[in-house]
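Colleague: Residue numbers (the working numbering): 885 to 1482.
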Amino acid sequence: MSTKVSDHVLERLRAWGVDQVFGYPGDGINGLLAAWGRAEDKPRFIQSRHEEMSAFEAVGYAKFSGRLGVCAATSGPGAIHLLNGLYDAKLDHVPVLAIVGQTDRTAMGGSYQQEVDLHTLYKDVASEFVETVTVPEQLPNVLDRAIRTAYARRCPTALIIPGDVQELDYSPPTHAFKMVPSSLGASEWTATPSDDAVRRAADVLNAGDKVAILVGQGAAGAVAEVQEIAELLGAGVAKALLGKDVLSDELPYVTGPIGLLGSRPSYELMRDCDTLLTIGSSFPYTQFMPDFGKARAVQIDLDPHMIGMRYPYEVNLVGDAKATLQRLIPLLKTDRGGREWQDTIRANVRRWHETMERRAGLAADPINPEYVARALDPLLPDNTILTSDSGSVANWYARHITMRPGMRGSLSGTLATMGPGVPYAIGAKFAHPDRPVVALVGDGAMQMNGLAEMITAAKYRDRWSDPRLVVAVWNNQDLNQVTWEMRAMEGSPSFLPSQQIPDVQYAAFARTLGLEGIRVEKPDAVEAGWRAALEADRPCVIEFLTDPAVPPIPPHASWEQMQSTATAILKGDADRGSVVKQGLKAKVQEFLPGRSKQ
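Given below as C-alpha cells:
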C-alpha cells in the first residue's frame, strides 16, 4: 500500500520524538485519523472533550516537559476552538504545533460547509510560521520548519492540510528547480552578549548598594547562577508568576511573587532598591518596578525582540540566562561590605510569612480560602507539579504555596485566561506520568470546562504510573476575582446577575466517573481532606466551600484604598457586611507585631 501524505505527517512527527498529539476528531482530518489507525496510534492520539482543551493540554505538556506540544483539530469550528490555547502558548512563549484540516482544494473559495480562511485566521496567533500544504512535495520541509520555529522562537506554529491533500500519495521533493528538501534535527545553541556589554552590566551592578533581582521563566535553566549572583550582590529576588518555580521560596532572600498577586516584601524590594537586574522576565506592570530614575537597571533576555521593554534599562544583554550569568559573575566585586540591605529583605520576608499565616488563620464563613492553600503547602510531595487557574485562586497559589527544589508550577501568566488549570494538569501527567499533579481551580473555571475534562482524566488514568491527579475547587459560588476588581477598580458593588454562579456538586460528579470525590464544608476538615486526596489511588476532585468575602488584597494597598473600596461596597453590595469585616481583618494582620525580631 502506498504511503499517503497523512502517513508521512505521523512518520515525521515520530522522527522528531513526538510521543502524543492532543486532539479532537472531525471529518476535516479524516485522512490523518485513518493514518493513525494504520500507525497503531503512534504517536498516541489523546482525545480531549473540546479542541480548546487539546490546545491547553499541549501547552501544559510543553511547559512541564520542555518538549514540543502538538495539538490537532478539524477544519472550521475545530480549528477556531484551538485559538485560545494557542494564544496562551504565544503569550507565554511555549513551543506548540497545531495541525488542522481544511476543506478540499476543489471546494475552497466556494463558501463550502465549514470553510474558513484558516491562513488568515491563524496569521496572528501563529505569526512566526503558518503554512497551507497544497502538494505532497511541500512535506517534509514545512513540517520541519514549523517544529524548528516553534522550538527556536518559543511560539505556536500551524500546519493547515486540506482533506484531499491528506489522501494523496506522498512523494518527496526531488533534486529540481523550485523544490525545497529538508532534514531532521537541530543542534543545541546558546546566545551570549558581547564582552563589552557584559563589562558595562557588571559596572552597573558593582555600583549598586541595594540590588533587586527579578526573575521569570527565562531564568529556569540558571538556578545555581541566580543564587550565586544574589549572594554576591547581597540582593533580594522577586519572582514573576511564570518564574515562581525558578528559585526555592525557602531561600531567605527570595521575596516571592510580584505584582497585584504578589507579596509585600517584593513590593518593598522594588520600592527601595537602587539597582535592578531582570533575568528572563517580561513582567508588564511598570507600577511595581522602581520609580523611573531611581534605579539603574540591567536586563538579560534570550529574545532580542523582548529586550529593553517595561523599564528604562541602562544595559540590555541579549543571551541565554545561564551562559550570560556565568560570564557576568567573575566580573562582580566580592568585597561589598555589610549586608544591611539583605538583612532588611530577610526581615521583611519573615514578617510577610507571619502575616500570611495570620491571614490564613482568620475565621471565615464557612472556610477561609487562604487557609485551604496554606494547609496544602506542607503536605505537598517534593516532586509535585502544580497548576493554577486564573482568578482569585491564583492569589492563594502565588502567596501561600512554597516552591521547594524539585517542585514545578505554572499558570496562564500573560493571557491570564480562565480554564487552563485542569487541562494543564492533564498535559503535565502525560509529560510526567510518574509524578503527582495538583490543579488549583476556582468554581467558575471548573464549570467553564474543568468538569468535562475530568472525563478525559478518567479515560486516561490507567496510563499514569502515579495515579495522583488532584483537582481542588474553591467553591464560593462567585466569579470572585472580577467581583473584587469591580469593587476595587470600578468602585462598584457586586453585580449578582453576572457574578453569582450555581453551587455544583463537583465531588459527586467525580464519583460518577469512577474517580475519588471529597467535599469539605468545615475548616476542621480541610487538612484531613487534603491528606485523603493526596493519598487517593485514582484522580480526585476535592472541593472546599469557601468564603467569597475574603479579599485578595494587593501588596501595596493602603488604608485609604481600603476605605475607598469599603465606601463603594456600602453603596449596595449584597455581601457588604462580611466583605468589610473580612477586608479589615485581613489588612490589620500586616500591622501586628511579628513573633521574630525585625
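Don't be surprised by glycine CBs; every beta carbon is placed ideally from N, CA and C.
Just to confirm the assignment, what range does the beta strand (DSSP E) spanning N1200 have?
Modeller: Counting along the chain, the beta strand (DSSP E) containing N1200 begins and ends at 1199-1202.
Colleague: Is any heavy atom of the ligand PLP found at a distance shorter than 7 Å from the C-beta of L894?
Modeller: Judged by which ligands are present, the structure shown has none, so any question about the ligand PLP falls away.
Colleague: Evaluate V905 with the Cβ neighbour count: other Cβ atoms within 10 Å of its Cβ, from every protein chain shown; 16 or more gives buried, anything less gives exposed.
Modeller: When all chains shown are included, V905 counts as buried.
Colleague: For N1359, name the three-state secondary structure that DSSP assigns.
Modeller: Looking at N1359 - three-state DSSP - the assignment turns out to be strand.
Colleague: Roughly how many angstroms lie between the CA atoms of M1332 and I1213, to the nearest whole one?
Modeller: Distance between the alpha carbons of M1332 and I1213: 47 Å.
Colleague: Mapping DSSP to helix, strand and coil, what is E999?
Modeller: DSSP places E999 in coil when its eight states are reduced to three.
Colleague: Do V1256 and W1358 have their beta-carbon atoms positioned less than 8 Å apart in this structure?
Modeller: Contact flag set, yes.
Colleague: With a threshold of 16 other CB atoms inside 10 Å of the CB of W900, please say whether the residue is buried or exposed.
Modeller: Looking at its Cβ environment, which holds 16 or more other Cβ atoms inside 10 Å, W900 is buried.
Colleague: Is it right to say A1091 is buried, meaning 16 or more other beta carbons lie within 10 angstroms of its own, or is it exposed?
Modeller: Exposed, because fewer than 16 other Cβ atoms sit within 10 Å of the Cβ of A1091.
Colleague: Give me the Cα-Cα distance between Y1054 and S1011, rounded to the nearest whole angstrom.
Modeller: Computed Cα separation, rounded: 27 Å.
Colleague: Can you have a look at T1074 and say buried or exposed, based on whether 16 or more other CB atoms are within 10 angstroms of its CB?
Modeller: So T1074 counts as exposed.
Colleague: In angstroms, rounded to a whole number, what distance separates the CA positions of R1084 and R1352?
Modeller: Taking the straight line joining both Cα atoms gives about 49 Å.
Colleague: Can the beta-carbon of T1184 be found closer than 8 Å to that of L1160?
Modeller: Here the sequence assigns Ile to residue 1184, which means Thr is not the residue at that position. Against a cut-off of 8 Å, the Cβ pair of L1160 and I1184 comes out as no contact.
Colleague: Would you call the region 1264-1273 and the region 1323-1343 touching, i.e. three or more CB-CB distances under 8 Å?
Modeller: Touching, yes.
Colleague: Would you identify the three-state DSSP class for I1191, choosing helix, strand or coil?
Modeller: Three-state DSSP puts I1191 in coil, outside helix and strand.
Colleague: Using the C-alpha atoms, what's the distance from T1268 back to K1471?
Modeller: Caution is warranted here: a pLDDT of 48 is assigned to K1471, below 50, making its placement in the model unreliable, and no coordinate value can be reported.
Colleague: So what's V889 in DSSP terms, helix, strand or just coil?
Modeller: If DSSP states are grouped into helix, strand and coil, V889 belongs with the helices.
Colleague: Hey, would you say D1346 sits closer than 8 Å to R1319, going by beta carbons?
Modeller: Contact: no.
Colleague: Taking the C-alpha atoms as reference points, what is the distance between K1206 and D1008?
Modeller: Taking the straight line joining both Cα atoms gives about 31 Å.
Colleague: What is the DSSP secondary structure of V1464, reduced to helix, strand or coil?
Modeller: At V1464 the pLDDT is 49, less than 50, meaning the model places this residue with poor confidence; the figure from the coordinates comes in the next sentence. Residue state, collapsed to three classes: helix.
Colleague: Going by CA-CA distance only, name the one from T1228, G1047, H1284, E1241 that's closest to P909.
Modeller: When only C-alpha atoms are compared, the closest one is G1047.
Colleague: Let me confirm a value: T1004 is counted as buried when at least 16 other C-beta atoms fall within 10 Å, else exposed. Which label applies?
Modeller: So T1004 ends up on the exposed side.
Colleague: With a CB to CB cut of under 7 Å and the five nearest residues on each side skipped, what residues in its chain are close to H1440?
Modeller: The answer, listed in chain order, is Y1151.
Colleague: I believe M1154 touches M1173 by the beta-carbon criterion, under 8 Å. Please report the beta-carbon distance rounded to the nearest angstrom.
Modeller: Indeed, because the Cβ distance is near 6 Å, the residues count as touching under 8 Å.
Colleague: Please state if the CB of S890 and the CB of G921 are separated by a distance shorter than 8 Å.
Modeller: Not a contact, by the Cβ cut-off of 8 Å.
Colleague: Return yes when the Cβ of A946 is within less than 8 Å of the Cβ of G953, no when it is not.
Modeller: Yes, Cβ-Cβ distance for G953 and A946 is below 8 Å.
Colleague: Is DSSP giving A956 helix, strand or coil here?
Modeller: Looking at A956 - three-state DSSP - the assignment turns out to be strand.
Colleague: Would you mind reading off the limits of the beta strand (DSSP E) that contains Q1183?
Modeller: Segment 1180-1185, the beta strand (DSSP E) holding Q1183.
Colleague: Quick one: what's got a C-beta closer than 8 Å to I1402's C-beta in the same chain, skipping five residues either side?
Modeller: If we look at I1402 and ignore the five residues flanking it on each side, its Cβ neighbours are A1391, G1413, A1416, A1417, C1424, V1425, I1426, E1427.
Colleague: Determine the burial state of M937: buried for a count of at least 16 other Cβ atoms within 10 Å of its Cβ, exposed for fewer.
Modeller: Classification of M937: buried, given that the 10 Å Cβ count is 16 or more.
Colleague: Spatial neighbours of V893 within its chain, please: CB distance less than 6 Å, with the 5 preceding and 5 following residues excluded, ordered by chain position.
Modeller: So no residue of the chain qualifies.
Colleague: Taking the straight line between their C-alpha atoms, what separation do you get for P1377 and I1385?
Modeller: So the alpha carbons of these two residues sit roughly 16 Å apart.
Colleague: Give me the Cα-Cα distance between L1145 and L1246, rounded to the nearest whole angstrom.
Modeller: Distance between the alpha carbons of L1145 and L1246 is about 19 Å.
Colleague: Give the secondary structure of A1096 by DSSP, where H, G and I count as helix, E and B as strand, and everything else as coil.
Modeller: Strand.
Colleague: Use the C-beta contact count for T1162: other C-beta atoms within 10 angstroms, 16 or more gives buried, fewer gives exposed.
Modeller: It is buried - the Cβ of T1162 has at least 16 other Cβ atoms within 10 Å.
Colleague: Could you check where the alpha helix (DSSP H) with Q1022 kicks off and where it finishes?
Modeller: Counting along the chain, Q1022 falls outside any alpha helix (DSSP H), and DSSP gives it neither H nor E.
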